[in-house]
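Just so it is clear: in the sequence shown, position 198 is 225 by our numbering, and no numbers are missing. Where is the CB? At the ideal position from N, CA and C, for every residue including glycine. These figures come from a predicted structure and were not determined experimentally. The block underneath contains the structure these notes are about, expressed in structure tokens.
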Amino acid sequence: MNVVGLMSGTSVDGIDAALVDVAEDGDTLRVRLLAYQETPHDSALRRRILRLCQGSPVPIAEVADVHMRLGERFGIAAAALCDGARVRPDLVASHGQTVWHAVDAGGQVTATLQLGEGAAIAEIVGCPVVADFRPRDVAAGGQGAPLSSYPDFLLFADSRRGRAIQNLGGIGNVTWIPPGASAEQVIAFDTGPGSVLIDRAVQRLTDGAEMLDCDGRRALAGQANEAIVREVLTIPFFDRPPPRTTGRELFGDELSDRVAGLVFGAGGSTDDAIATLTEITVRSIDLAYRRFLPAVPDDVILGGGGARNPAIARGLVKALGETSRVADHEAFGVPSLGREAIYFAVLGHEAVRGRANSLPACTGARAATILGKITPAAGREVGPGEPSRPIRRLTIESRL
């Protein structure tokens with residue numbers, strides 16, 4: 028089955044689109060990456076999305092319009108990818124764009140909202156679409172995240188080595204897989220900020236001339252303010268045990284601006300502010316592992332945009348490297364290009380095959396559920412026949 032996975036993350040920098048071929052081989056899913064493309068959001072749409080992420084009152088008409096416009100952009104991105112590869116897709120699986128997680132005082136997610144209308148994607152691409160994955164898990168009492176734990180488990184479970192798969196998107200999240208683990212023994216949760224605070228500071232402090240800390244140059248040139256790092260790490264979220272999730276509602280523009288202001292107030296520079304925010308990301312991950320992982324990982328596997336930031340990667344090697352092997356996905360034979368988009372292609376494939384595609388031990392849901400809402404397309408089957416045996420293993424290779 029040819030599946031397009033679509034993702035726009037917390038950084039709101041653009042759409043990641045991955046075209047994959049998914050084949051069932053007994054209890055193994057074999058995934059081949061056929062094509063990948065990144066499409067930046069235009070500046071006007073990005074500003075509108077970020078306004079919705081701030082949680083301030085906005086007209087419902089604005090929410091509805093962004094929902095449709097994003098769906099169109101997702102559809103255009105998927106169609107362009109398939110046209111370029113000369114492949115007719117059987118399915119599109121779209122995560123959408125998270126704009127809000129509603130979390131109560133006890134840390135339970137009560138609602139979640141991802142924008143990007145699946146019907147608009149289906150209309151443009153002309154094939155069935157699976158979208159809006161997270162609400163089903165929330166409806167079942169879960170956090171709606173991290174959804175990457177399901178493919179992480181299938182891909183990286185090992186009989187001998189305990190592994191922490193650390194995603195470094197806008198928000199950081201980890202999947203802990205003990206040696207020889209069953210699905211019920213896997214732990215996954217958000218560790219805190221990934222690159223979201225850093226990106227905001229770089230964009231604001233350079234007046235938009237830079238969008239991110241390229242190659243970690245600013246953080247590596249600066250000096251982190253230890254007192255400010257420690258103050259931020261007293262935020263109650265960091266003490267909350269898993270399952271837990273977070274987003275821009277807590278780690279957003281306001282916190283980034285406040286930290287930068289404190290650094291400047293202490294006589295620091297722009298590079299010092301970026302170094303401080305980078306250290307917060309590194310230390311929050313180290314803190315989460317020490318508090319909530321039941322054992323020291325043998326392997327820490329880094330993914331997401333932040334894994335390409337040497338300041339973050341070196342910081343994690345320094346914090347964790349004495350006891351753990353720290354490396355990226357490529358070191359384990361898994362392509363890092365388009366990883367999250369590939370993951371959602373897998374989740375969408377499992378949805379149309381009628382198989383549960385979540386790990387309730389990781390999200391806190393009452394039971395495993397089939398995540399995603401399906402939009403059919405005229406004359407196109409949603410899924411090929413009855414589901415086969417349960418899937419227990421995943422492989423991913425790249426043809427690029």
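Asked                                                                                                                                                                 : Found
Helix, strand or coil, according to DSSP, for Ser363 in the structure here?                                                                                           : coil
With H, G and I counted as helix, E and B as strand and the rest as coil, what does DSSP make of Asp110?                                                              : helix
Helix, strand or coil for Pro445, going by three-state DSSP, please let me know.                                                                                      : In the structure displayed, the chain extends from 28 to 427; residue 445 sits before or after that span and is not available.
For Asp217 versus Ile198, is the C-beta distance shorter than 9 angstroms?                                                                                            : yes
Are the stretch 342-360 and the stretch 315-325 in contact at 8 angstroms, needing three or more beta carbon pairs?                                                   : yes
Run the CB neighbour count on Ile87, radius 10 Å, all protein chains shown included, and call it buried at 16 or more, exposed below.                                 : exposed
Could you give the residue range of the beta strand (DSSP E) that holds Pro220?                                                                                       : Ile214 to Pro220
Just the Cα atoms here: how many angstroms apart are Glu65 and Arg163?                                                                                                : 28 angstroms
Go ahead and pull the three-state DSSP assignment for Arg335.                                                                                                         : helix
Quick one: what does DSSP say Thr66 is sitting in, helix, strand or coil?                                                                                             : strand
Going by beta carbon distance, what residues of the same chain come within less than 8 angstroms of Ile151, once the five residues before and after it are set aside? : Glu99, Gly102, Ile103, Ala105 and Ala106
Comparing alpha-carbon positions, which option in Gly332, Phe319, Ser121 and Cys80 lies nearest Ala215?                                                               : Phe319
Considering just the uninterrupted stretch of the alpha helix (DSSP H) at Leu289, what are its terminal residues?                                                     : Asp280 to Gly292
Please classify Gly295: does DSSP put it in a helix, a strand, or coil?                                                                                               : coil
Between the Cα of Phe291 and the Cα atoms of Glu276, Asn252, Gly279 and Phe278, which residue gives the shortest distance?                                            : Asn252
Do the CB positions of Pro220 and Ile148 come within less than 9 angstroms of each other?                                                                             : no
Consult DSSP for Ala358 and reduce its assignment to one of helix, strand or coil.                                                                                    : helix
Flag this pair as yes or no: are the beta carbons of Leu142 and Val90 separated by less than 9 angstroms?                                                             : yes
What are the residues that DSSP puts in a beta bridge with Arg190?                                                                                                    : Ile204 and Asp326
Closer than 8 angstroms: is that where the CB of Arg227 sits relative to any heavy atom of the ligand SAH?                                                            : Looking for the ligand SAH in the displayed structure turns up nothing, as the structure carries no ligands at all.
Could you check which residue in Asp242, Ile76, Phe160 and Pro84 has the C-alpha nearest to that of Pro337?                                                           : Asp242
In whole angstroms, what separates the C-alpha of Gly41 from that of Thr261?                                                                                          : 32 angstroms
What is the rounded straight-line gap between the Cα of Ser222 and the Cα of Ala44?                                                                                   : 20 angstroms
If you measure between the beta carbons of Asp280 and Arg245, is that distance less than 9 angstroms?                                                                 : no
Apart from the five residues just before and just after Arg190, which ones in its own chain have a Cβ nearer than 7 angstroms to its Cβ?                              : Phe183, Ile204, Pro324, Asp325, Asp326 and Ile328
Using three-state DSSP, classify Asp43 as helix, strand or coil.                                                                                                      : strand
Any contact between the stretch 358-369 and the stretch 339-348? By contact I mean 3 or more CB pairs, one from each, below 8 angstroms.                              : no
Residues in the same chain with beta-carbon distance under 8 angstroms from Ser363, minus the five sequence neighbours each way, listed in chain order, please.       : Gly330, Ala334, Asp355, His356 and Glu357
Are the Cβ atoms of Val47 and Ile369 separated by less than 9 angstroms?                                                                                              : yes
Are the CB atoms of Gly82 and Arg267 within a distance shorter than 9 angstroms?                                                                                      : no
Closest by CA to Leu232, which one among Gly207, Ser296, Glu258 and Leu195?                                                                                           : Ser296
In chain order, what residues of the same chain lie with their CB nearer than 7 angstroms to the CB of Val13, ignoring the 5 residues before and after it?            : Outside the shown range of the chain, which is 28 to 427, sits residue 13, and nothing can be said about it.
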